[in-house]
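Novice: Take UniProt numbering: the last position of the sequence shown gets the number 342, and nothing is skipped along the way. In this text, a Cβ means the ideal position worked out from N, Cα and C, and glycines have one as well.
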Amino acid sequence: MADATLPQHLHIVALQTELTDLPKISLPAPYTFSLTKYVTTPIGQVAERLRDADIAIITTVPIRADTLDPAVTNKLKLICAVASGTDTIDLAACRARGIRVLNNPACNIDAVAEHALALYFAARRSILPSMMALTANEWPQRGTLIKTAEHANGTLPARRCAAETAVVVGYGGVGKRLVELLRMLGMNVVVAGRKGQAAADVPTGRVAFDEAIMTATALFLCCPRTPDTLDLLSTAEFATMQPDSILVNVSRGGIVDETALLVALQTNQIAGAGVDVFAQEPASSETSPLLAPDVVGAGLNLVMTPHTAWVSAQTNANNARVLLENLNGFINGKMEEERIKA
Numbered sequence: 001m002a003d004a005t006l007p008q009h010l011h012i013v014a015l016q017t018e019l020t021d022l023p024k025i026s027l028p029a030p031y032t033f034s035l036t037k038y039v040t041t042p043i044g045q046v047a048e049r050l051r052d053a054d055i056a057i058i059t060t061v062p063i064r065a066d067t068l069d070p071a072v073t074n075k076l077k078l079i080c081a082v083a084s085g086t087d088t089i090d091l092a093a094c095r096a097r098g099i100r101v102l103n104n105p106a107c108n109i110d111a112v113a114e115h116a117l118a119l120y121f122a123a124r125r126s127i128l129p130s131m132m133a134l135t136a137n138e139w140p141q142r143g144t145l146i147k148t149a150e151h152a153n154g155t156l157p158a159r160r161c162a163a164e165t166a167v168v169v170g171y172g173g174v175g176k177r178l179v180e181l182l183r184m185l186g187m188n189v190v191v192a193g194r195k196g197q198a199a200a201d202v203p204t205g206r207v208a209f210d211e212a213i214m215t216a217t218a219l220f221l222c223c224p225r226t227p228d229t230l231d232l233l234s235t236a237e238f239a240t241m242q243p244d245s246i247l248v249n250v251s252r253g254g255i256v257d258e259t260a261l262l263v264a265l266q267t268n269q270i271a272g273a274g275v276d277v278f279a280q281e282p283a284s285s286e287t288s289p290l291l292a293p294d295v296v297g298a299g300l301n302l303v304m305t306p307h308t309a310w311v312s313a314q315t316n317a318n319n320a321r322v323l324l325e326n327l328n329g330f331i332n333g334k335m336e337e338e339r340i341k342a
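#1: Rounded to a whole number of angstroms, what is the C-alpha to C-alpha distance between K147 and T267?
#2: How would you write the range of the beta strand (DSSP E) that A166 sits in, first residue to last?
#3: Report the option in P293, V248 and D54 whose CA atom is closest to the CA atom of V72.
#4: Give the DSSP-derived three-state secondary structure of C223 in the structure shown.
#5: Beta-carbon within less than 6 Å of L19's beta-carbon, same chain only, minus the 5 sequence neighbours each way: which residues are those?
#6: Do you know offhand how far S26's Cα is from V275's?
#7: I'd like the span of the alpha helix (DSSP H) that includes R177, first residue to last.
#8: If you run the structure through DSSP and keep just helix, strand and coil, what is C107?
#9: Take R252 and list the residues in its own chain whose beta-carbon comes closer than 6 Å to its own, dropping the five residues that flank it on each side.
#10: At 3 residues or longer, what runs of the beta strand (DSSP E) sit wholly inside the stretch 63-104?
#11: For the beta strand (DSSP E) containing M304, list its first residue and its last residue.
#12: Let me know the secondary structure DSSP gives H115 once reduced to three states.
#13: How should K77 be labelled, buried or exposed, when 16 other C-beta atoms within 10 angstroms of its C-beta is the threshold for buried?
#14: Looking at the unbroken alpha helix (DSSP H) that takes in F33, where does it start and where does it end?
#15: For L262, which of helix, strand or coil comes out of DSSP?
#16: Would you say C222 and A118 are within 8 Å of each other, going by their C-beta atoms?
#17: By how many angstroms is the C-alpha of I79 removed from the C-alpha of A65?
#18: If you run the structure through DSSP and keep just helix, strand and coil, what is A152?
#19: What do you get for R100, buried or exposed, if any count of 16 or more other CB atoms within 10 angstroms of its CB means buried?
#20: In chain order, what residues of the same chain have a beta carbon less than 7 Å from the beta carbon of R206, not counting five sequence neighbours either side?
#21: Check whether the stretch 207-215 and the stretch 237-248 are in contact - that is, three or more C-beta pairs closer than 8 Å.
#22: With DSSP collapsed to three states, give me the class of A137.
#23: What separation, rounded to the nearest whole angstrom, lies between the Cα atoms of R321 and V174?
#24: Is the CB-CB distance between L181 and C161 below 8 Å?
#25: Give me the Cβ distance between N108 and A81, rounded to the nearest whole Å; I'm assuming they're in contact under 8 Å.
#26: For my contact list, S126 and N301 are in at a C-beta cut-off of 8 Å; report their separation, rounded to the angstrom.
#27: Distance check for M335 and E138, CA to CA, integer angstroms please.
#28: Going by alpha carbons, who is nearest to residue 392 out of P28, P30, H9 and T36?
#29: With a CB to CB cut of under 6 Å and the five nearest residues on each side skipped, what residues in its chain are close to V112?
#30: Ignore the nearest five residues each way along the sequence and tell me which others in V189's own chain have a CB closer than 7 Å to its CB.
#31: Kindly identify the DSSP beta-bridge partner or partners of A273.
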């Protein structure tokens, strides 16, 4: 049943069309709408741009408590997050206002899982250090670049997939798909329990977190960002990992302590890393130690992408479909429960 308090004419504001192409929007009769689109929206302009909005469409721009103040956005009734995560939205403030938040779960599962594999192979095979040595004309100077394909300064040959113990942290849609792919590659796959979870509470078929990261030769992070997962991996955890282990992070920034990761790579505590997310985004040399000028080009086995694991034609099509379903479901009072966040 439609919400009787909804006005028949709705103003929709899309704040970040540079990240997601909007589908052709239509609403069920008798509702009409006006649409204002922005290519990008600086944080400082979010509140003003949503001042007269009934519905906001976002991807990653923060929607904070000050924006959700009734004196600022008194008309706002729905936030559609065209993303799987809602960690940039103050959900508590939305609940207090009765503002509905709907997201797009499961739209990017295949793309993110496949990107995780791309990062794994790039790091496991030392693609970046090898390429940098090659393009620096070091092959004729050194006679061979075979050692660039090995880890820990050429003392640990790369593992094949069949010799990997792959640990997956986070067993949502991406985690489940990743487990399938890793097993098809012949890896021994382990799903980790939650950090700090008592042994008696670890679900059947999973391994306690501390034990899992100690045995991992390839560690994949695909968990949501919550207070419990912030700095999930830091100095203490890296100290327990195997020296030829590879870390892949396609979850969210802040789950890995970036300074601790850099030290772990520089001191050969781990063999390499593939990173798609950063604690502060957009990331730069001013915000992330991983992007500092003396790190980039220093020969570390570190491959990085700018939060693009989700990008694919399939993801775009899924996002468009689910966004329309969310808009129409909200108006008709028929929303998918797994998409409701507030």
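Specialist: Answer, in terms of the structure:
#1: C-alpha separation (whole angstroms): 17 Å.
#2: That run of the beta strand (DSSP E) goes T165 to V169.
#3: For the residues P293, V248 and D54, the minimum Cα distance to V72 belongs to D54.
#4: Reduced to three states, the DSSP call for C223 is coil.
#5: These residues qualify, in order along the chain: T59.
#6: Across the structure, S26 and V275 are spaced so that their CA atoms are roughly 38 Å apart.
#7: Per DSSP, R177 belongs to the alpha helix (DSSP H) from G173 to M184.
#8: Three-state result, C107: coil.
#9: The answer, listed in chain order, is R225 and V277.
#10: Within the stretch 63-104, the complete beta strand (DSSP E) runs of at least 3 residues are 78-81 and 100-102.
#11: It spans L302 to M304 - the beta strand (DSSP E) in which M304 sits, taken as one unbroken run.
#12: Correct three-state label for H115: helix.
#13: Counting Cβ neighbours within 10 Å, K77 comes out buried, since at least 16 surround it.
#14: Boundaries around F33 are those of the beta strand (DSSP E), T32 to K37, since no alpha helix (DSSP H) includes it.
#15: DSSP, read as helix, strand or coil, puts L262 in helix.
#16: It is not a contact, given that the beta carbons lie outside the stated cut-off.
#17: CA-CA distance, A65 to I79, rounds to 13 Å.
#18: For A152, the three-state secondary structure derived from DSSP is coil.
#19: Note on R100: 16 or more other CB atoms within 10 angstroms of its CB, so buried under the neighbour-count rule.
#20: Within the same chain, R206 has close Cβ partners V191, A192 and G193.
#21: The stretch 207-215 makes contact with the stretch 237-248: 3 or more CB pairs, one atom from each, lie closer than 8 Å.
#22: Reading off the sequence, residue 137 comes out as Asn, not Ala. It is coil, neither helix nor strand.
#23: Between the C-alpha atoms of R321 and V174 there is a straight-line separation of about 19 Å.
#24: No.
#25: The C-beta distance from N108 to A81 rounds to 13 Å, too long to fall under 8 Å, and the pair is not in contact.
#26: Between N301 and S126 the Cβ distance is about 5 Å, and since that is below 8 Å, they are a contact.
#27: One Cα belongs to E138, the other to M335, and the distance between them is close to 59 Å.
#28: What is shown of the chain runs 1 to 342, which leaves residue 392 out entirely.
#29: Cβ within range, chain order: V174, V250, A309 and W310.
#30: Answer for V189: A166, V168, V179, L182 and R183, listed in chain order.
#31: As DSSP reads the structure, A273 sits in a beta bridge with L247 and L302.
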